[in-house]
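Notes follow the structure.
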Amino acid sequence: MMSNSFVNVHAGEATNDGAKRFFVLGDRIERRLRIRGTWLNIFDVTVPPGSRTPKHAHASPEVFRILEGCLTIWRLTDSGPEEIEAGAGDIVTIAPFVVHGYSNHGSVPAVFSAVVDRDMAEFIEAEGATEPLKAPSPETLARMTAAANAHGITILAA
């Protein structure tokens with residue numbers, strides 16, 4: 000028999016629904032779940048039209064489930080570069096150490112859930128702003144690149 004589990008995300012950290020909200024570059028990132036004592040974290044990421052994340056790599060895998068809109072996901076595979084147009088309901092996996100990035104070329108926000116490890120979650124929580132940035136300065140990009148490196152994330156191009 001399968002067991003049903005329910006996890007409560009502790010409220011009172013920033014939003015009405017209990018999710019803690021961060022802004023990293025152009026994206027709004029809301030923590031939905033952290034299971035303490037494990038590596039498992041789930042974040043909902045809203046990517047505005049025209050926004051992107053720089054190509055990067057890290058030791059942990061990631062899983063993206065597109066909830067709304069369309070997201071272009073780029074990853075470097077053994078066969079060469081691959082670009083995936085992922086829409087609502089699609090699930091994309093990123094293997095450990097695979098260079099990848101994403102962008103929203105559409106006219107509406109793209110929203111996806113991301114399953115990430117502890118290092119990525121700690122980076123988001125340490126470096127995420129409480130308000131969205133208008134346009135990140137070169138100094139901000141340099142600081143975020145250094146912080147990413149400290150969390151085991153290698154940024155290849157900002």
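The numbering of the sequence shown is numbering that gives the first Met the number 0, which starts it at 0 and goes up by one. Every residue, glycine too, gets a C-beta built ideally from N, C-alpha and C.
Checklist line | Spatial distance of G151 from R35 (CA atoms) | finding: 20 Å
Notebook entry, point to check: When we look at the beta-carbon of E126 and count the other beta-carbons within 10 Å, is it buried (16 or more) or exposed?
Noted result: buried
Check: Do the CB positions of P53 and L155 come within less than 8 Å of each other?
Finding: yes
Item checked: Unbroken stretches of the alpha helix (DSSP H), 4 residues or longer, contained in the segment 112 to 138 -> 117 to 126
Margin query: Can you tell me whether R35 is helix, strand or coil according to DSSP?
Written below: coil
Notebook entry, point to check: Mapping DSSP to helix, strand and coil, what is N148?
Noted result: helix
Next item on the list: Measure the alpha-carbon distance for I90 versus S136 and round it to whole angstroms.
Entry: 33 Å
Notebook entry, point to check: The beta strand (DSSP E) spanning L70 covers which residue range?
Noted result: C69 to T76
Check: Helix, strand or coil: which one does DSSP assign to L140?
Finding: helix
Checklist line | In DSSP terms, what G25 is bridged to | finding: For G25, which the question treats as bridged, DSSP gives no partner whatsoever.
Notebook entry, point to check: Is F63 helix, strand or coil by DSSP?
Noted result: strand
Note to self: On the DSSP letters alone, give me the boundaries of the beta strand (DSSP E) that S102 sits inside.
What the structure shows: H99 to S102
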